[in-house]
Amino acid sequence: MSSMPMSGGIERTAAVVIGTGLSGLAVASELQRRGVDAIIVDGLDLLGAGNPANTSSLQRCDAADAGSLRERNEILRHLRNYAASHKLDVRNNIRALQLDRLDPGATGASRQWAVRTPGGVLLADHLVLTRCAHSQLRRMLSELGMAAGQNLMAAMHALGMYLVGVGELITPTPKEVLRQAKVVGQAISAKVYPDGFPAALPEGYALAALA
């Protein structure tokens, strides 16, 4: 399946993945394997504050575990090859400028999220963030009017938001990133296909083989 450009610089897709590194490509590959539309953008740039009631921007956080760098690079090479051969919609030169939570009761609000980019707006029901600090996520949820408390993941999932490649104190290992990607891919697929169809494609890239 593919995302078709809409008039006025608007595109609709099931999921937008922010980040084209290991975490982003891992979850995008898992989504593609499960037949879920996704657009992958390079990252997220912080702009103006916008409307604090429903808009928030999140800075990207980059960290590397020197001990697993070789393994990470090898897995990343495989994922990039997979993305190219399976024609994943990876937009390496496009960054998200703003994330807007849409009012599901508003007229014409057919998706939960609007991801604003220099080329237009991506509308999606699911948003995957990669390699970002928990403190920033809590601020984001607060601006969205959510009292996350200690159950950050439950609050995010209720908004159609997911994390891959995020740890409380250290950057997850490559194998942990792959595990997170599988869990998120399964969760989004279950919402896109509540009847359990289609199943994961057997010829798809098997993240489990690298885990």
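The sequence shown begins at 1 in full-length UniProt numbering and counts up one residue at a time. Backbone N, C-alpha and C define an ideal beta-carbon position, used for all residues, glycine too. Treat the numbers as computed from the prediction; the structure is a model and nothing was measured.
CB contact flag (residue i, residue j, <8 Å)
| i | j | result |
| --- | --- | --- |
| Ala96 | Ile18 | yes |
| Val166 | Val27 | no |
| Arg111 | Asp42 | no |
| Val192 | Val36 | yes |
| Asp89 | Ile10 | no |
| Ala154 | Leu141 | no |
| Pro172 | Gln180 | yes |
Residue i, enclosing beta strand (DSSP E) - first and last residue
| i | result |
| --- | --- |
| Leu127 | 120-130 |
| Val16 | 10-18 |
Where residue i sits in the DSSP three-state scheme
| i | result |
| --- | --- |
| Tyr162 | strand |
| Arg34 | coil |
| Gly50 | Because Gly50 carries a pLDDT of 41, less than 50, the predicted location of this residue cannot be relied on, and the following value inherits that uncertainty. Here Gly50 sits in coil by DSSP. |
| Arg111 | coil |
| Gly24 | helix |
| Leu137 | helix |
| Asp62 | The pLDDT assigned to Asp62 is 46, lower than 50, so where the model puts this residue is not dependable; a value taken from the coordinates is nonetheless given after this. Correct three-state label for Asp62: coil. |
| Leu144 | coil |
| His157 | helix |
| Asn151 | coil |
Span of the alpha helix (DSSP H), counted from its first residue to its last, around residue i
| i | result |
| --- | --- |
| Arg72 | 69-85 |
| Leu99 | Where Leu99 is concerned, there is no enclosing alpha helix (DSSP H), although the beta strand (DSSP E) it sits in stretches over 98-101. |
| Leu178 | 174-192 |
Any non-hydrogen atom of the ligand SAM closer than 7 Å to residue i Cβ
| i | result |
| --- | --- |
| Arg80 | With respect to the ligand SAM, the structure shown offers nothing to examine, as it has no ligands at all. |
Inter-residue CB distance, residue i and residue j (contact presumed, cutoff 8 Å)
| i | j | result |
| --- | --- | --- |
| Thr130 | Ser23 | 4 Å |
| Val115 | Leu99 | 6 Å |
| Ala187 | Tyr162 | 7 Å |
| Arg80 | Leu25 | 7 Å |
* Any chance the segment 111-131 sits against the segment 67-81, with 3 or more Cβ pairs inside 8 Å? -> no
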